[in-house]
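Here's the structure, in structure tokens; my notes come after.
Protein chains in written order, with the working numbering: chain X, 598 to 814; chain V, 36 to 257.
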């Protein structure tokens, strides 16, 4: 399981967000360059269609692969009341043949993306990962070097934390609390519920840039 | 990881495998001063596609296997021989396959037995049986030369060991013999440095040969 929220920020304010995150997390950022391939099952495979993502980390000297399955979101009155999406998510590291294997099994490429940006990994009530990235589409098959931004001038911010059925309540609280610190720059909500950029972003960014992120929270 | 050869028992025409043969083989290893070093178990699972229309099943691989091996307890291996693809993944890949609901386990076979140390060699003798029954379907033997990871460099010494082993075993006049067919690892993109993926390819090859042996035996009987 994982808890997740997303938001967007204008590229011009990303530097300020980075300064804020650096101050909050106390760890160094890691560069991010991820090739993500979304595969869907062929029409006749499985009683219902299925989807799997292959994540290739291009930042490593030798690219590494992860197979990721994102399941359904938690439902019900309790889930509606919380501002964080809780969903099943299973990952497995895989060797470089993952794409060939899934093609052979009858999966087809639905779409592929290149995410370029940075991430922070830290513990703050839960093991939280914040990624800030521009999402790029590929004009030609696997042409990561020719990637073009899907939304120029806008970057995606995602906050995730692993959880279990026993502790997701605490993880939701930890993620929600952390998101409040970012509120002046961006609003984070459940994926699929777009809230746009926040009007205070420019002022908050200017303030952060002027004091260099020295303010401790 | 050091180099291992996986051999399988090829029964003589009209014979099958049984516990007595297995016991004789184990005694033979012990007669060579093989020191018992615990038990071992690998599990091989055949997967079959789940299709809305049964006639479409032929479009998907029929030889899709998943393998867990004791040397890598946190890993799981997939292989499709027809496509020459072998994949190493975490154990959680099995959960992902369950969630995808596109393939399901058809049958699982346990390869299990006793492990021996003979100087620089590690020898495993084991029976092959479905996980749901004790019926023996085959006998396998793994011979690992512990000092070397290069397939080429260890080939001669492993050949010598296996020849010596076959000679020793032949004196017991058992109805069959061990076979070793080295797969073409290069076809799977694997190099000279031995890995668990090499073991996976060998297991899949042995499995195909065991199935062929069983089918031949059935034809002879019929």
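We treat Cβ as the ideally placed atom computed from N, Cα and C, and that holds for glycine.
Out of curiosity, what's the CA-to-CA distance linking residue i and residue j?
i	j	result
residue 40/V	residue 247/V	20 Å
residue 631/X	residue 741/X	10 Å
residue 768/X	residue 618/X	19 Å
residue 671/X	residue 649/X	19 Å
residue 138/V	residue 95/V	10 Å
residue 645/X	residue 87/V	9 Å
residue 215/V	residue 157/V	16 Å
residue 813/X	residue 805/X	The pLDDT assigned to residue 813/X is 49, lower than 50, so where the model puts this residue is not dependable, and the model offers no usable value.
residue 716/X	residue 753/X	11 Å
residue 739/X	residue 706/X	11 Å
residue 185/V	residue 693/X	22 Å
residue 735/X	residue 654/X	16 Å
residue 659/X	residue 249/V	43 Å
residue 266/V	residue 189/V	Chain V is shown from 36 up to 257; residue 266/V falls before or after that span and cannot be answered.
residue 208/V	residue 167/V	32 Å
residue 790/X	residue 683/X	14 Å
residue 61/V	residue 205/V	14 Å
residue 97/V	residue 765/X	40 Å
residue 614/X	residue 104/V	46 Å
residue 110/V	residue 231/V	9 Å
residue 127/V	residue 690/X	9 Å
residue 144/V	residue 763/X	35 Å
residue 780/X	residue 796/X	11 Å
residue 56/V	residue 234/V	24 Å
Helix, strand or coil: which one does DSSP assign to residue i?
i	result
residue 199/V	helix
residue 155/V	coil
residue 613/X	helix
residue 220/V	helix
residue 712/X	strand
residue 107/V	coil
residue 707/X	strand
residue 747/X	coil
residue 629/X	strand
residue 817/X	There is no way to answer for residue 817/X, as the model of chain X reaches only from 598 to 814.
residue 59/V	helix
residue 233/V	helix
residue 765/X	helix
residue 642/X	strand
residue 211/V	strand
residue 677/X	helix
residue 170/V	coil
residue 86/V	strand
residue 813/X	Residue placement at residue 813/X cannot be trusted, given a pLDDT of 49 that sits under 50; the coordinates are not used to answer.
residue 137/V	coil
residue 179/V	strand
residue 686/X	strand
Run through chain X and tell me which residues come within less than 7 Å of residue i, C-beta to C-beta.
i	result
residue 127/V	687, 688 and 689
residue 113/V	698
residue 212/V	By Cβ distance, chain X contributes nothing, its closest Cβ being about 34 Å from residue 212/V, past 7 Å.
Kindly list, in the order they appear in chain V, the residues whose Cβ is closer than 7 Å to that of residue i.
i	result
residue 666/X	131, 134 and 135
Quick one: which chain V residues come within Cβ less than 8 Å of residue i?
i	result
residue 649/X	131 and 135
Can you pull the chain X neighbours of residue i, defined as C-beta to C-beta under 8 Å?
i	result
residue 122/V	691, 692, 694, 695 and 698
Closer than 9 Å by beta-carbon distance: list the chain X residues that pair up with residue i, in chain order.
i	result
residue 45/V	Correct list: empty, because the minimum Cβ distance to chain X is about 30 Å.
Below 8 Å, can you find three or more Cβ-Cβ pairs linking the stretch 740–759 of chain X to the stretch 774–793 of chain X?
-> yes
Taking Cβ-Cβ distances below 7 Å as the criterion, which residues of the stretch 686–720 of chain X are in contact with chain V?
-> 687, 688, 689, 690, 691, 692, 694, 695, 697, 698, 701, 702 and 703
How about the stretch 72–80 of chain V and the stretch 617–630 of chain X: do they share at least three Cβ pairs that are nearer than 8 Å?
-> No, they do not touch.
Selection of the stretch 136–167 of chain V by Cβ proximity to chain X, strictly under 8 Å = 136, 137 and 138
Cβ pair count under 8 Å reaching 3, the stretch 658–666 of chain X against the stretch 185–202 of chain V = no
Mind listing which residues of the stretch 619–644 of chain X have their C-beta closer than 7 Å to chain V's C-betas, in chain order?
-> 638, 641, 642, 643 and 644
Could you tell me whether the stretch 215–230 of chain V touches the stretch 790–801 of chain X, using the rule of 3 or more Cβ pairs below 8 Å?
-> no
The stretch 122–133 of chain V touching the stretch 673–682 of chain X, judged by at least three CB pairs closer than 8 Å = no
Is the number of C-beta pairs between the stretch 41–50 of chain V and the stretch 165–175 of chain V that are closer than 8 Å three or more?
-> yes
Using a Cβ cut-off of 8 Å, which residues of the stretch 73–105 of chain V contact any Cβ in chain X, in chain order?
-> 84, 85, 86, 87, 88, 91, 94, 95, 96 and 99
Counting Cβ pairs closer than 8 Å, one from the stretch 782–790 of chain X and one from the stretch 604–611 of chain X, do we hit at least three?
-> yes
Answer yes if the stretch 702–718 of chain X comes into contact with the stretch 728–743 of chain X, meaning at least three C-beta pairs across the two stretches below 8 Å, and no otherwise.
-> yes
Which residues, in chain order, does the stretch 231–250 of chain V contribute to contact with chain X at a C-beta distance below 9 Å?
-> The residues in question are 232.
Taking 8 Å as the threshold, find out whether the stretch 108–122 of chain V comes into contact with the stretch 63–72 of chain V through three or more Cβ pairs.
-> no
Mind the definition here: the stretch 178–191 of chain V touches the stretch 147–162 of chain V only if three or more C-beta pairs lie below 8 Å; say whether that holds.
-> yes
Kindly confirm or deny that the stretch 133–153 of chain V and the stretch 49–56 of chain V touch, where touching means at least three C-beta pairs closer than 8 Å.
-> no
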